[in-house]
Amino acid sequence: MYRRPVHLIAALLGLSAGLGLPACERSEVPVATRKPAPARDSARKPDTAREAGPFVYARAQKTEAAVPARFTAGLPTRLADFRGDWSRFPPRALITAGLGAGDAGMQARFLAAIRKAAADGALDEKLSSAYTSLLGYSPGEAACGWLLAALGAEKDARVRGVLYGGLSRCRQPRFASAFERDDAPADAVLESVFSAFGRTPARWNPQLARVAREVVAKGKRHEIRKLSVVLGRYPGPEPLRLAAELQKEIQDPEQRALVAIGLGERKDEQAKALFEAACGHPKVKEDPLCQPRKADEEKAEPEKPDLAREVRGYDFDPAARIAAEPGLRGPIVSALAACLGDLKADEYSRAACLARLASLDRKRAAAELAKVEPGCFKSDRARQAAASLRRFGEPGALEARLHELGLLAKPEPVEAAGLAARDVLEAAGRVHSFDTETGQFPNEHDGLLSELAALAGEAMQGAVFEEIPPKNDRGPYVLRGYLHGKRWEVRAQNLGDWYDMHAVLGLLNAMLRDEKSEIRYVSLPTGDQTASVLAGPAGGILAAAGDGLIGLAGAADGMQAGKDFEERVLKALKAGGIEGVQNLRVKAD
529 MYRRPVHLIA
539 ALLGLSAGLG
549 LPACERSEVP
559 VATRKPAPAR
569 DSARKPDTAR
579 EAGPFVYARA
589 QKTEAAVPAR
599 FTAGLPTRLA
609 DFRGDWSRFP
619 PRALITAGLG
629 AGDAGMQARF
639 LAAIRKAAAD
649 GALDEKLSSA
659 YTSLLGYSPG
669 EAACGWLLAA
679 LGAEKDARVR
689 GVLYGGLSRC
699 RQPRFASAFE
709 RDDAPADAVL
719 ESVFSAFGRT
729 PARWNPQLAR
739 VAREVVAKGK
749 RHEIRKLSVV
759 LGRYPGPEPL
769 RLAAELQKEI
779 QDPEQRALVA
789 IGLGERKDEQ
799 AKALFEAACG
809 HPKVKEDPLC
819 QPRKADEEKA
829 EPEKPDLARE
839 VRGYDFDPAA
849 RIAAEPGLRG
859 PIVSALAACL
869 GDLKADEYSR
879 AACLARLASL
889 DRKRAAAELA
899 KVEPGCFKSD
909 RARQAAASLR
919 RFGEPGALEA
929 RLHELGLLAK
939 PEPVEAAGLA
949 ARDVLEAAGR
959 VHSFDTETGQ
969 FPNEHDGLLS
979 ELAALAGEAM
989 QGAVFEEIPP
999 KNDRGPYVLR
1009 GYLHGKRWEV
1019 RAQNLGDWYD
1029 MHAVLGLLNA
1039 MLRDEKSEIR
1049 YVSLPTGDQT
1059 ASVLAGPAGG
1069 ILAAAGDGLI
1079 GLAGAADGMQ
1089 AGKDFEERVL
1099 KALKAGGIEG
1109 VQNLRVKAD
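1117 is the number that this note's numbering gives the last residue of the sequence shown; the numbers go up by one with no jumps.
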């Protein structure tokens, strides 16, 4: 998707809206004792009105209407269908949302279309890629589990190729073993490892020797470079041995060098020798992978594990780390405690360390937290996590309270949840978080509506949505929701590449209100241009906010935060170029 340069620059510099606050202030009132602040609503639209506190309702036009026929039609079977008039087929966003939610009917239509394309001889690389795109950039657990099951039952190799392509987008480690099969396509195996966001693979994939030779045989520079990065991510001697073998087999000097330039992150001497020799080639020495590393990364001897840094990592899993090395439990607990007390560290890291420490030793976490002033956490989520541990000291106590409020189906602890109520609700599937900037036109409000509808469970069972975008990028959108033989229609403001969250939440709440449901949707604070939407009983939401378990936000707060930050970056660029952006955090304090 297209992104404005200002966001790229901000991302490269590690900035986000809401950063730059002091590390600690003693005047902060614990969240559990504070009343929720009124939600900010700075961009109300003609079709929406605020009622009942934080809940937004659309002034929707309601009529008796059946779901349009195209919503239940089959999916495209030719590449020309994907590139031509889409009005005969279900909305793309509806397909992606259905596959993501594990909708059996959409799964059946998806497979039927692929099989028909294969039978007609039309399932080439481009059409396969078009089908894969319908699964979305990063499919969820439901979609990935279905892809794996369908892969095992499918006999047609061409159809399996499409399923493998979709599965290669699944980031969950448990799906990695599927790419160790002999029939796994080379491009899917390569993509599955390359797209794992830098995580170290659990073990060497024996298919990589075959995959590497297929990639080299194609001779495409970008694919060989991607292969080198993949080889650099695997530990052990196998990737080095394969890289050395490939260099002996490859005739082209540039390709021979490309195979090894991804080994630069490894510390062993053989990898270092292959890497430095490869980066000596004149056509690859300017590649970013060959740029000089920091002095502390060029030590001849391998570094010892740095637990102080490791425990703060985005993907750090303390339970998995201890399972691999039981002797590290004590050092990891100590490192997490030190992280929590390090007021010079960023707030996200300290909040993550608190949750990880509590998952290992709740009493130790509570004791370490008692040493930290309440004002040392600034964001709503971090404050709520700290307040939750102070208030709900026993495991399961928070879940029991949320169940009492009707926000959780069961009172048992939720697996993989954090400390804050929002973490628990998100892990339980009652909160959906997303970027309010889409980076595209049209924005596909219908896809977002479908994803949010899944949060309400039975209350929105069978609901489908439609977006009619403005012509020539001008004028408002029209959003429609269908449920129980009725259609709700509302205008959505054309905000460029930003969702109209008033129209989205307003339409959902209007449908639920008219259907006599107690479920409502509300936004939770994020502090940046993302949005987090909670679905639950209205009374339970208000009670949880009154208890200080959750905060409440205006529907447009995420968009407003993003636009405010964008304006600050543009001003900084005008004032001082890249240096101005680098100093933005200080100037914004």
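From the three backbone atoms N, C-alpha and C, an ideal C-beta is built for every residue, glycine too.
Can the beta-carbon of residue i be found less than 9 Å from the beta-carbon of residue j?
| i | j | result |
| --- | --- | --- |
| Asp1075 | Thr1054 | no |
| Ala601 | Glu972 | no |
| Arg919 | Leu936 | no |
| Asp780 | Gly747 | yes |
| Ala645 | Thr605 | yes |
| Ala847 | Ser877 | no |
| Val1050 | Ile1069 | yes |
| Thr926 | Val952 | Here the sequence assigns Leu to residue 926, which means Thr is not the residue at that position. The answer is yes: Cβ separation under 9 Å. |
| Pro939 | Glu932 | yes |
| Gln700 | Val717 | no |
| Ala1038 | Asp1028 | no |
| Asp908 | Thr1058 | no |
| Leu882 | Leu864 | yes |
| Pro729 | Val721 | yes |
| Tyr1010 | Val992 | yes |
| Asn1022 | Arg1008 | no |
| Ala1100 | Pro582 | no |
| Val758 | Gly792 | no |
| Ala785 | Val812 | yes |
| Cys867 | Ala894 | no |
| Leu947 | Leu1077 | no |
| Glu682 | Leu691 | yes |
| Arg688 | Leu679 | yes |
So is residue i buried or exposed if we call it buried at 16+ other beta carbons inside 10 Å?
| i | result |
| --- | --- |
| Arg840 | buried |
| Leu1036 | buried |
| Asp1092 | exposed |
| Lys776 | exposed |
| Ser978 | buried |
| Pro585 | The sequence shown places Tyr at residue 585, rather than the Pro named in the question. It counts as buried. |
| Asn733 | buried |
| Glu954 | buried |
| Glu896 | buried |
| Tyr1005 | buried |
| Tyr659 | buried |
| Ser961 | exposed |
| Tyr762 | buried |
| Phe1142 | Because the chain in this structure spans residues 529 to 1117, residue 1142 falls outside the shown range and cannot be described. |
| Lys754 | buried |
| Trp674 | buried |
| Pro667 | buried |
| Ala608 | exposed |
Between which two residues does the beta strand (DSSP E) containing residue i stretch?
| i | result |
| --- | --- |
| Gly747 | No beta strand (DSSP E) holds Gly747; DSSP gives it neither H nor E. |
| Ala586 | Val584 to Ala586 |
| Asp963 | Val959 to Asp963 |
| Glu487 | A query on residue 487 cannot be resolved here, the shown segment of the chain reaching from 529 to 1117 and no further. |
| Gln589 | Gln589 to Glu592 |
Pull up the CB-CB distance for residue i and residue j, whole angstroms please, since I reckon it's below 8 Å.
| i | j | result |
| --- | --- | --- |
| Gly693 | Ser656 | 6 Å |
| Asp1042 | Gly967 | Actually they are not in contact, since the Cβ atoms of Asp1042 and Gly967 sit about 33 Å apart, beyond 8 Å. |
| Pro618 | Arg598 | 6 Å |
| Lys1014 | Glu592 | 6 Å |
| Ala799 | Leu768 | 6 Å |
| Glu1017 | Gln589 | 5 Å |
| Gln912 | Ala956 | Gln912 to Ala956, Cβ: 16 Å. No contact. |
| Ala740 | Leu774 | 6 Å |
If you follow the alpha helix (DSSP H) that residue i is part of, which residue opens it and which one closes it?
| i | result |
| --- | --- |
| His973 | His973 to Ala981 |
| Ala937 | Taken as a continuous stretch (DSSP letters only), Ala937 belongs to no alpha helix (DSSP H), as it is neither H nor E. |
| Pro850 | According to the sequence displayed, residue 850 carries Ile and not Pro. Note, Ile850: alpha helix (DSSP H), Pro846 to Ala852. |
| Glu719 | Ala714 to Phe722 |
| Val839 | From DSSP, Val839 is part of no alpha helix (DSSP H); its letter is neither H nor E. |
| Tyr762 | Careful: Tyr762 lies outside any alpha helix (DSSP H) and carries neither H nor E. |
| Arg950 | Ala949 to Ala955 |
| Gly693 | Ala685 to Leu695 |
Enumerated in chain order, which unbroken segments of the alpha helix (DSSP H) with a length of 4 residues or greater are wholly contained in the stretch 857 to 925?
857 to 869, 875 to 888, 890 to 897 and 908 to 919
My parser needs the alpha helix (DSSP H) runs of 4 or more residues fully inside the stretch 1002 to 1088; what are they?
Counting whole runs of 4 or more residues, the stretch 1002 to 1088 contains the alpha helix (DSSP H) stretches 1029 to 1042 and 1066 to 1074.
Which complete alpha helix (DSSP H) runs does the stretch 646 to 679 hold, if anything under 4 residues is left out?
653 to 661
Can you give, in chain order, each stretch of the beta strand (DSSP E) that sits fully within the stretch 595 to 640 and has at least 3 residues?
For the stretch 595 to 640, not a single whole beta strand (DSSP E) run of length 3 or above is found.
Any alpha helix (DSSP H) of 4 or more consecutive residues that is wholly inside the stretch 784 to 817
797 to 806
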